[in-house]
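Per full-length UniProt numbering, the sequence shown starts with residue 1, numbered consecutively. Even glycine gets a Cβ: it sits at the ideal position worked out from N, Cα and C. Source: prediction; values computed, not measured.
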Amino acid sequence: MVKYTLHYFDARGRGECARLLLAYGEEDFVDKRYTQEEFKEAKKSMPFGQVPVLEVDGKMLPQSFTINRYLARKYGLAGKDDFEQATVDAIGDSVMDFFNEFREWFLVAHGFAPGDKDKIFKEKYVPAAEKYFPIIKKYIKDAGNGYLVKGGPTWVDFHFAEFFDTLNNLIPDFYKTYPEFKKLSEQVHALPKLQKYLNARSKLEF
């Protein structure tokens, strides 16, 4: 029996999609969560000195999206055929492009960096949202099932469900503005295989 350990912080962030995938696969995995102080020592054993890292029978697999794709293939959450898998990967990559455009606001909003939160929101987040969200909405509309592709759910739905919830925690009326994003999140979080994990999960802002 394969032994999985997910190494990350006590946050959802870039590690929660992998936790959801492992839960969906009904794996009895070790959910190792580090404090910032603990990670100063632990990072020495990580391939790139960062987390998340998925440990598979002692072998270390770094990079969040690599982990997500690896697990998604195991559990039938990568897409129904080669083209859909590539589409799912493209959508996943796009969220990082989007996040990088408003990263400054995210850090300020969570108190990780100084700055005028409202000013940076208007300068960074709003233009990025106006650029990317219509694209994501079109994928959902074209899929016709509330997910991002017709063969959904896939790992990228899991990723976006957590991403949208984080934005909803930061932005008043986010889900009122984007009801299709709320529906996607609700569908993912209603999946029967996730209920045991979700019911035991601590409520974390991000």
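Assuming contact is defined by CB atoms lying nearer than 8 Å, are residue i and residue j in contact in what I supplied?
i      : j      : result
ILE120 : GLU104 : yes
GLU84  : GLY151 : yes
PHE158 : LEU184 : no
ARG14  : TRP155 : no
VAL30  : TYR4   : yes
GLU205 : LYS137 : no
VAL51  : MET60  : no
GLU162 : GLU27  : no
ALA18  : LEU71  : yes
VAL2   : ASP89  : no
ALA109 : LYS117 : yes
GLY49  : LYS40  : no
TYR197 : PHE133 : no
Going by C-alpha to C-alpha distance, which of the options sits closest to residue i?
i      : options                         : result
LEU148 : THR66, GLU130, SER45 and LYS182 : LYS182
GLN195 : GLU16, ALA11, HIS7 and LEU20    : LEU20
PHE106 : GLU123, GLY92, GLN63 and SER94  : GLU123
TYR24  : ASN199, LYS203, VAL2 and PRO192 : PRO192
ALA143 : THR87, VAL95, LYS117 and PHE112 : THR87
MET46  : LEU22, LEU6, ASN169 and LYS74   : LEU6
LEU167 : PHE99, GLY92, ASP82 and GLU38   : PHE99
Secondary structure at residue i, three-state DSSP: helix, strand or coil?
i           : result
MET60       : strand
LEU6        : strand
LYS122      : helix
residue 207 : Examination of residue 207 is not possible in this model, given that the chain is present from 1 through 206 alone.
GLU148      : According to the sequence provided, residue 148 is Leu. The question's Glu does not apply to it. Here LEU148 sits in coil by DSSP.
GLU37       : helix
GLU26       : coil
LEU54       : strand
PHE48       : coil
LEU21       : helix
Beta carbon of residue i: closer than 7 Å to some heavy atom of the ligand ADP?
i      : result
ALA200 : For the ligand ADP, the structure offers nothing, since it holds no ligand at all.
Of all Cβ atoms in chain B, is any one closer than 8 Å to the Cβ of residue i?
i     : result
GLU26 : Absence of chain B from the displayed structure is noted, only one protein chain being present.
Answer yes if the segment 170-179 comes into contact with the segment 73-89, meaning at least three C-beta pairs across the two stretches below 8 Å, and no otherwise. Not touching, per the Cβ criterion.
List, from N- to C-terminal side, the alpha helix (DSSP H) runs of 4 residues or more that fit wholly inside the UniProt domain "GST C-terminal" (81-206). 82-109, 117-120, 126-143, 155-170, 174-177, 179-189 and 195-200
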